[in-house]
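K.L.:
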Ligand code: ADP
Ligand code: MG
Ligand code: MG
Ligand code: MG
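Numbering (this note's numbering), first residue to last: 9 to 425.
1. Compute the beta-carbon to beta-carbon distance between residue 265 and residue 172, rounded to the nearest angstrom, for a pair I have assumed lies under 8 Å.
2. Are the Cβ atoms of residue 190 and residue 227 separated by less than 8 Å?
3. Does DSSP put residue 360 in a helix, in a strand, or in coil?
4. Roughly how many whole angstroms lie between the Cα atoms of residue 260 and residue 324?
5. Please state the DSSP three-state secondary structure of residue 92.
6. Quick check: is any heavy atom of ligand 4 less than 7 Å from the C-beta of residue 17?
7. Does the beta carbon of residue 53 fall short of 7 Å from some heavy atom of ligand 4?
8. Please classify residue 246: is it buried, with 16 or more other beta-carbons within 10 angstroms of its beta-carbon, or exposed?
9. Quick test of the definition: if touching needs 3 or more C-beta pairs under 8 Å, does the stretch 276-291 touch the stretch 249-256?
10. Which residue comes first and which comes last in the alpha helix (DSSP H) that contains residue 392?
11. Counting only runs that start and end within the stretch 104-156, where is the beta strand (DSSP E) found for 3 or more residues in a row?
12. Going along the chain, which residues of its own chain have a beta-carbon closer than 7 Å to the beta-carbon of residue 388, five neighbours each way excluded?
13. How would you write the range of the beta strand (DSSP E) that residue 211 sits in, first residue to last?
14. Just to confirm my understanding: we take residue 52, look at its own chain, exclude 5 residues before and 5 after, and list those with CB closer than 8 Å. What are they?
15. What's the gap between the Cα of residue 103 and the Cα of residue 240?
16. Straight-line CA distance for residue 201 to residue 379?
17. Can you tell me whether DSSP reads residue 56 as helix, strand or coil?
18. Would you kindly report the start and end of the unbroken alpha helix (DSSP H) that includes residue 46?
19. Where does the unbroken alpha helix (DSSP H) through residue 421 begin, and where does it stop?
20. Quick one: residues in its chain with C-beta nearer than 6 Å to the C-beta of residue 43, no 5 flanking neighbours on either side, listed in chain order?
21. Taking a contact to mean a Cβ-Cβ separation below 8 Å, would you say residue 269 touches residue 163 in this structure?
22. Measure the C-alpha to C-alpha separation of residue 203 and residue 213 and round it to an integer number of angstroms.
23. Tell me which residue opens and which closes the beta strand (DSSP E) that residue 255 is part of.
24. Quick one: Cα of residue 148 to Cα of residue 421, how far?
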């Protein structure tokens, strides 16, 4: 394949793919017969579906700028390199929960992967009110496997440090999170937007809320310095494609070695956004009550199944350099270690709740909003949903350590008026 980067289009893509024997064979037939459709709905990249007589693939190509904003905001093509590295690592630990990779081209910043069908983006399913009975178990498995197995609980120090080094160059993607998630919603920033004028007051309050800002900055420092595990980094419900039977996590271009709670918090925070958006999607008052209940139940299920699985993996594998088994051979040692694992999970719960709240706030007061809320046409109704979400999110950030379980979070979410 020729190597110089150029943004591909439906005219040029088949020629490039036809030079890849495995992709060519997978699609079948001649390149001229393949159909190409650009379907990228994300903020950053090009995504094409290419269909041949025998098979179909998805081709994701990075652009040298932020798609949502345009070429005034350059962004390195190398994010595709980190996405591919993360996808490969996730596939080692949770092979059934990510799309399979057919091909990767570093120069073209291009990944050819499995076409997920009839999967839909979870966020769209949540807007329509679809229940996914296996989602909580699948996402819990994905997070437990990827977070535990890429942490120093599972691997020796040298491996952990190599992984930190391998992802350390993904700084510009991390900077997007640092700015858009942890900073801009709390200051006057050009890129911020919210449902105005309805939320002008609360947006101004948040910018003057010193205790809230301090808590968020404490979490930003954690995001900047805590190298616990390889995290997905953008694990919202737009990065999950599923059917009632099958769940896949896509789009790990923000991956780096960071705090585990950032991933778990992204899932919980986005479920809560979906919860508060339901009032905007019901045809008559209360119609979505059973579905609201289902969503909140999922926040509890995700945490319960995740923490159980994480602890199981920890029991099975003590091969990391932290908490070496030889230090805890006596009966008292086993007791102390068991208590320590409980403390570890409690801290991870606190981190999760706080990051979840921060993620909710940025989706309402910052640059990138979510379809759950944006698709509510009546701005007054949308603002009522958003105000409740902001009220809950602020509590989650300020009182993260007071919740002793996700059931208490769900209870508090229901109580917001
Ligand atoms: P971005 O980084 O720009 O957000 P994503 O990886 O999230 O890009 O992909 C954008 C969209 O493309 C997704 O929301 C989904 O609709 C579609 N898509 C991405 N990967 C696949 C896939 N493997 N199979 C089917 N559709 C996909
Ligand atoms: Mg995406
Ligand atoms: Mg997307
Ligand atoms: Mg992305």
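Glycine included, every Cβ here is placed at the ideal spot set by N, Cα and C.
P.N.:
Reading off the structure:
1. Taking a contact as a CB-CB distance under 8 Å, the pair residue 265 and residue 172 counts as one, their CB atoms being some 5 Å apart.
2. Yes, Cβ-Cβ distance for residue 190 and residue 227 is below 8 Å.
3. Reduced to three states, the DSSP call for residue 360 is helix.
4. Their Cα atoms are separated by approximately 27 Å.
5. Taken through DSSP and simplified to helix, strand or coil, residue 92 comes out as helix.
6. False, no ligand heavy atom lies under 7 Å from that Cβ.
7. In this structure, residue 53 has its CB closer than 7 Å to one or more heavy atoms of ligand 4.
8. That one is buried.
9. Using a C-beta cut-off of 8 Å, the stretch 276-291 makes no contact with the stretch 249-256, since fewer than three inter-stretch Cβ pairs fall below that distance.
10. Residues 387-406.
11. The beta strand (DSSP E) runs lying completely inside the stretch 104-156 and spanning 3 residues or more are 109-113, 118-122, given in chain order.
12. Same-chain partners within the cutoff: 206.
13. Following the DSSP letters along the chain, one finds residue 211 in no beta strand (DSSP E) but inside the alpha helix (DSSP H) bounded by residues 208-215.
14. Same-chain partners within the cutoff: 70, 71, 74, 75, 76, 83, 87, 261.
15. Cα to Cα, residue 103 sits roughly 15 Å from residue 240.
16. Annotation: residue 201 to residue 379 spans about 14 Å, alpha carbon to alpha carbon.
17. Strand, per DSSP.
18. Residue 46 -> not in any alpha helix (DSSP H); beta strand (DSSP E) instead, spanning 43-46.
19. Its alpha helix (DSSP H) spans residues 414-423.
20. If you ignore the 5 residues before and after residue 43, its C-beta comes within less than 6 Å of the C-beta of 59, all in its own chain and listed in chain order.
21. No.
22. C-alpha separation (whole angstroms): 15 Å.
23. Residue 255: member of the beta strand (DSSP E) spanning 255-257, first to last residue.
24. Between the alpha carbons of residue 148 and residue 421 lies a gap of roughly 21 Å.
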